[in-house]
Amino acid sequence: MSSYTPPVPDTVDSDDARTREALESLIDIAADGVEGHKRSAELVEDAVAKPLFELWSRQRADFLATLQQFGAEYNVTTGDPGTGTGTVHRAWLTTLEAVAGDDAVIGAAATGESVAIASYESALENDLPSELRTVVQEQYNSIREIHERLENWDAV
């Protein structure tokens with residue numbers, strides 16, 4: 000008489016699955032950041048804000064490229080990275096700028112960074128491979144600095 004023993008879950012496979020999910024999310028968030036900061040740079044007239052948004056868009060493009068390299072190692076497939084929410088948020092930026100100006104665009108960008116922070120915090124809750132964890136932590140720290148700068152824009 001044989002008895003069925005269910006397979007023991009392979010922790011490496013589940014860790015890899017969580018890593019893939021975290022990478023997919025971060026790749027989408029980074030792509031949203033590239034486009035969001037680029038759009039903000041196009042919309043603001045402030046002489047300090049415009050080059051900062053351009054810089055942050057390029058920085059987020061670097062983040063995206065790095066995350067996509069890790070994604071390739073973990074077989075993460077992202078067709079056209081970014082989220083639907085990010086697309087809506089960028090459209091909202093255009094509307095805000097038309098009616099409320101630079102302050103509204105800066106406020107909306109801060110909101111976008113809050114979303115990115117939450118995604119990075121969620122990813123960091125996983126047991127990520129050490130090299131990836133280091134990269135994600137560094138990117139997270141940069142995003143928090145940008146968020147703080149945007150939140151305190153009047154004090155600049």
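For the sequence shown, counting from 1, position 29 maps to 28 in numbering that gives the first Met the number 0; every step adds exactly one. Beta carbons: idealized from backbone N, C-alpha and C, even for Gly.
Residue i: first and last residue of the uninterrupted alpha helix (DSSP H) it sits in
{"i": "alanine 109", "result": "101 to 123"}
{"i": "valine 135", "result": "129 to 150"}
{"i": "glutamate 53", "result": "48 to 72"}
Contact under 8 Å by Cβ, residue i with residue j
{"i": "phenylalanine 52", "j": "alanine 29", "result": "no"}
{"i": "glycine 35", "j": "alanine 122", "result": "no"}
{"i": "lysine 49", "j": "alanine 60", "result": "no"}
{"i": "aspartate 101", "j": "glutamate 144", "result": "no"}
{"i": "glycine 32", "j": "alanine 115", "result": "yes"}
Cβ neighbours of residue i in the same chain (closer than 6 Å, five flanking residues each side left out)
{"i": "glutamine 138", "result": "Phe62"}
{"i": "glutamate 150", "result": "Ala109"}
Close-in-space but distant-in-sequence residues of the same chain around residue i (CB under 7 Å, 5 per side omitted)
{"i": "valine 7", "result": "Caution is warranted here: a pLDDT of 40 is assigned to valine 7, below 50, making its placement in the model unreliable, and the coordinate value is therefore given only provisionally. Cβ neighbours of valine 7 beyond the five flanking positions: none."}
Neighbourhood of residue i by C-beta, 8 Å cutoff - its chain only, sequence neighbours within 5 removed
{"i": "tyrosine 73", "result": "Asp15, Thr18, Arg19 and Leu22"}
Given residue i as reference, the closest of the options once Cα atoms are compared
{"i": "glutamate 147", "options": "Ser129, Gly111 and Ser56", "result": "Gly111"}
{"i": "threonine 133", "options": "Tyr119, Arg57 and Glu144", "result": "Tyr119"}
Three or more C-beta pairs closer than 8 Å, one from the region 17 to 29 and one from the region 48 to 67: is that the case here? yes
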